[in-house]
Amino acid sequence: QKEVEQNSGPLSVPEGAIASLNCTYSDRGSQSFFWYRQYSGKSPELIMFIYSNGDKEDGRFTAQLNKASQYVSLLIRDSQPSDSATYLCAVNDPQGAQKLVFGQGTRLTINP
Amino acid sequence: ETGVTQTPRHLVMGMTNKKSLKCEQHLGHNAMYWYKQSAKKPLELMFVYNFKEQTENNSVPSRFSPECPNSSHLFLHLHTLQPEDSALYLCASSPLQGGNEKLFFGSGTQLSVL
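Residue numbers (my numbering), protein chains in the order written: chain A, 3 to 114; chain B, 25 to 138.
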């Protein structure tokens with residue numbers, strides 16, 4: 003059973019601080035990794051993807067991948083109240099080209 | 025209309041009812057998906073259609089019956105559902121190439137089975 007694990011939270015971070023979200027995955031064959039943001043009552047929205055070990059930065063967001071440790075993280079710098087949402091980690095299922103396996107999500111709250 | 029549109033937004037049905045969920049995408053994609061999001065459980069893939077052909081059925085019970093008449097429309101027909109089927113049902117679409125990077129979700133149908 004392929005699994006993606008996330009701490010469900012809630013994770014509470016003061017405004018302006020760095021929010022750090024973590025994810026581990028079970029299938030070493032996974033090659034692509036995604037972070038989605040889901041506001042309450044809304045649909046998931048892709049914010050970052052990463053394929054190679056190391057860091058990938060996009061604005062205030064940085065995705066980090068360590069395949070040896072089977073670990074993916076998302077850092078949000080200068081956190082804003084509008085970043086308050088549930089963040090879903092997803093990894094590709096090597097058995098199906100269009101299959102993504104999602105984690106349960108981490109609920110993030112940014113406190114003004 | 026833009027993006028991925030789902031109707032209805034909310035649906036309440038009894039266990040003996042038959043209902044259908046509708047999804048339409050205006051992105052020119054050729055792959056469409058049904059996902060299920062239950063409370064306190066991960067988002068779970070149900071079905072995948074490529075060029076209106078089903079390519080993935082993730083062991084979904086037969087009381088869920090998908091239909092894809094063309095690359096822009098996707099339906100999920102529901103009959104004799106159970107209360108545990110209450111969930112948010114999300115439709116998504118993507119291009120076939122590099123699809124996982126361009127997976128767009130609709131707003132979902134919140135289904136309650138009484």
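Each residue gets a CB set at the ideal place from its N, CA and C atoms; glycine is no exception.
> Is the region 10–27 of chain A in contact with the region 73–93 of chain A, if contact means three or more CB pairs nearer than 8 Å?
Replying inline: Enough Cβ pairs lie closer than 8 Å, so yes.
> Can you give the Cα-Cα distance for GLY132/B and GLN61/B, rounded to whole angstroms?
Replying inline: If I take the Cα positions, the gap works out to 9 Å.
> Is the CB of LEU139/B under 7 Å away from at least one CB in chain A?
Replying inline: Because chain B is modelled from 25 through 138, residue 139/B falls outside the range shown and cannot be assessed.
>> In chain order, what are the residue ranges of uninterrupted alpha helix (DSSP H) at least 4 long that sit wholly in the region 72–111 of chain B?
In response: You should have found no qualifying run.
>> Would you call the region 101–111 of chain A in contact with the region 34–53 of chain B, where contact means no fewer than 3 C-beta pairs closer than 8 Å?
In response: Because the criterion of three Cβ pairs below 8 Å is not met, the region 101–111 of chain A and the region 34–53 of chain B do not touch.
> When you compare each of ALA19/A, LYS4/A and GLY43/A to ARG62/A by their alpha carbons, which one comes out closest?
Replying inline: The shortest C-alpha separation from ARG62/A is found at ALA19/A.
> Using the beta-carbon of each residue, which ones in chain B are nearer than 7 Å to LEU90/A?
Replying inline: Per Cβ cutoff of 7 Å: LEU67.
> According to DSSP, what are the bridge partners of GLY56/A?
Replying inline: The secondary-structure analysis by DSSP pairs GLY56/A across a beta bridge with LEU67/A.
>> As a quick exercise: from THR79/B, GLN49/B, HIS101/B and ALA63/B, pick the residue whose alpha carbon is nearest that of ALA111/B.
In response: Here the closest residue by C-alpha is ALA63/B.
>> Cβ closer than 8 Å: which chain A residues qualify as neighbours of GLU80/B?
In response: Near GLU80/B (Cβ distances below 8 Å), the residues of chain A are GLY98, GLN100 and LYS101.
>> Taking its Cβ as the centre, do 16 or more other Cβ atoms sit within 10 Å of ASN113/A, making it buried, or is it exposed?
In response: When all chains shown are included, ASN113/A counts as exposed.
> For SER75/A, which residues from the same chain have a beta carbon less than 6 Å from its beta carbon, with the 5 sequence-adjacent residues on both sides left out?
Replying inline: Excluding sequence neighbours, SER75/A sits near ASN24 and GLN66.
> Using CA coordinates, which residue listed in ARG87/B, TRP58/B and SER95/B is at the minimum distance from GLU80/B?
Replying inline: Cα-wise, what sits closest to GLU80/B is TRP58/B.
> Taking the C-alpha atoms as reference points, what is the distance between ARG79/A and GLY11/A?
Replying inline: Whole-angstrom Cα-Cα distance: 18 Å.
> Which of the three DSSP states, helix, strand or coil, is assigned to ASN124/B?
Replying inline: In this structure, ASN124/B counts as helix in the three-state DSSP scheme.
>> Cutting at 8 Å between CB atoms, please list the residues of its own chain near ASN124/B, excluding the five before and the five after it.
In response: Shown here for ASN124/B: same chain residues with a beta carbon closer than 8 Å to its own, the five before and five after excluded, namely SER118 in chain order.
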